[in-house]
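These notes concern the structure reproduced below.
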Amino acid sequence: MMKKYLSACWNLMFLLLLLHMDVTEWNRIGRKDIQEEDIEVQVEEKNKTYLGSDGYLKELLSLQNEEALVNTFGVQEQESYPELEESGIYSFLQGPRSYQTGISWSGEWCGFSVEGNTFGSFGCGLCCMANVYDTLSPYEVSPWDMFEYAKRVSNYGPSGESGAISWKNMKSVLQSCGITCYLFHKPGTYAEFQNQVEQMQSAIVLVSSREDNTFWLSTLGHYVNIWMYRREDDTVFLAEPGSPENNRRRIPLRYVYNALKTASSFQYLAVTGYEEERNRWKADGIDEIWHSP
Numbered sequence: 126m127m128k129k130y131l132s133a134c135w136n137l138m139f140l141l142l143l144l145h146m147d148v149t150e151w152n153r154i155g156r157k158d159i160q161e162e163d164i165e166v167q168v169e170e171k172n173k174t175y176l177g178s179d180g181y182l183k184e185l186l187s188l189q190n191e192e193a194l195v196n197t198f199g200v201q202e203q204e205s206y207p208e209l210e211e212s213g214i215y216s217f218l219q220g221p222r223s224y225q226t227g228i229s230w231s232g233e234w235c236g237f238s239v240e241g242n243t244f245g246s247f248g249c250g251l252c253c254m255a256n257v258y259d260t261l262s263p264y265e266v267s268p269w270d271m272f273e274y275a276k277r278v279s280n281y282g283p284s285g286e287s288g289a290i291s292w293k294n295m296k297s298v299l300q301s302c303g304i305t306c307y308l309f310h311k312p313g314t315y316a317e318f319q320n321q322v323e324q325m326q327s328a329i330v331l332v333s334s335r336e337d338n339t340f341w342l343s344t345l346g347h348y349v350n351i352w353m354y355r356r357e358d359d360t361v362f363l364a365e366p367g368s369p370e371n372n373r374r375r376i377p378l379r380y381v382y383n384a385l386k387t388a389s390s391f392q393y394l395a396v397t398g399y400e401e402e403r404n405r406w407k408a409d410g411i412d413e414i415w416h417s418p
């Protein structure tokens, strides 16, 4: 009995040592700040796939158990993303003046309103969501289509006083469209942010000129969409729904990091892929008149 007890103690100590070693390695690489409901998120770093929020399950589980986890929670080895080109990225605009002056990527939705609250004042997040859906899926919808769909499948309830979509509603709507996405807080260092963005296909970020006004001016809170991070010059391709002048141009990623609005429950939504079989919408076609590029 004593020998079994000592053997169990040694096994427990060895297990704790393994846990400590791997958690230490995870902290060294830089732990991702993810929402609790996204505990299945994977991070691939140095050819090592971490399963779970603390990144140690893979080392402790047998291959059979690991496969069971993959099948249960849908955690899969990350595939390489399809090549994107800037010309293939959607970048809808939200403002009525853009539509009135015939600027590409604007449409009738720019003049629509909800109880007197114009789409131009709250539609930035919906434009970004439509950008992601149209770019990554084989379908094409307008920001107003996304607005109508969000009202139908989430708790999104725009009014005359408030029309901006919340982070949680944004995430749930995109997931129902087959988009794989996660909510993040601003990491403590710029290097962490660079590494995170490099692993994404796209991100919808919330910026504010109160945090930094180097690029965005007089903006208390505004959703924009970033794509195609390029390590060699540290830039991203910007889809900017509120500014035709800044839309579809490359900007330093540092501008985004510095301007992330910290007075928010989250700072950005990371997009890591699209799965046709998980798309419960599959809407296609833009009914509004718009200035297609």
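Each residue of the sequence shown is one higher than the one before, counting from 126 in the working numbering. The beta carbon of each residue, even a glycine, is placed where N, CA and C say it ideally should be.
Identified DSSP bridge partners for residue i
i, result
"leucine 342", "Paired residues: none, contrary to the question."
"aspartate 243", "Sequence inspection shows threonine at residue 243; the aspartate mentioned does not correspond to that position. Bridge partners of threonine 243: Ser238."
"asparagine 383", "None, per the DSSP bridge assignment."
"arginine 374", "Leu363"
"leucine 308", "Leu394"
"alanine 328", "Ile351, Ala395"
Contact set for residue i: own chain, Cβ-Cβ below 7 Å, skip 5 residues either direction
i, result
"glutamate 400", "Gly303, Thr305"
"tryptophan 406", "Tyr274, Ser301, Cys302"
"methionine 325", "Ala395, Val396, Thr397"
"isoleucine 483", "Residue 483 lies beyond the range of the chain shown here (126 to 418); nothing can be said about it."
"arginine 335", "Leu345"
"alanine 289", "Phe247, Gly250"
Length of the line joining the Cα atoms of residue i and residue j
i, j, result
"valine 239", "valine 266", "20 Å"
"serine 390", "glycine 250", "15 Å"
"serine 343", "lysine 276", "29 Å"
"leucine 218", "proline 366", "4 Å"
"glycine 241", "glycine 220", "15 Å"
"valine 298", "arginine 222", "28 Å"
Expected contact under 8 Å - CB spacing of residue i and residue j to nearest Å
i, j, result
"valine 349", "cysteine 253", "7 Å"
"cysteine 235", "phenylalanine 244", "6 Å"
"phenylalanine 419", "tyrosine 393", "No answer is possible for residue 419: the residues shown for the chain start at 126 and end at 418."
"valine 332", "lysine 296", "18 Å between Cβ atoms; not a contact."
"valine 322", "tyrosine 354", "5 Å"
Close Cβ partners of residue i (< 6 Å) along its chain, the five nearest in sequence each way excluded
i, result
"tryptophan 415", "Gly232"
"isoleucine 329", "Cys253, Tyr348, Asn350, Leu394"
Residues of its chain near residue i, where Cβ-Cβ distance is below 8 Å and the 5 sequence neighbours each way are ignored
i, result
"asparagine 372", "Ser216, Leu218, Trp230, Leu363, Ala364, Glu365, Pro366"
"histidine 347", "Cys249, Leu331, Val332, Ser333, Trp341, Gly367"
"alanine 408", "Tyr264, Val266, Asp270, Tyr274"
Check: Using 8 Å as the Cβ pair cut-off and three pairs as the minimum, do the region 358–369 and the region 209–216 touch?
Finding: yes
Item checked: the region 334–342 in contact with the region 369–384 per 3-pair CB rule at 8 Å -> yes
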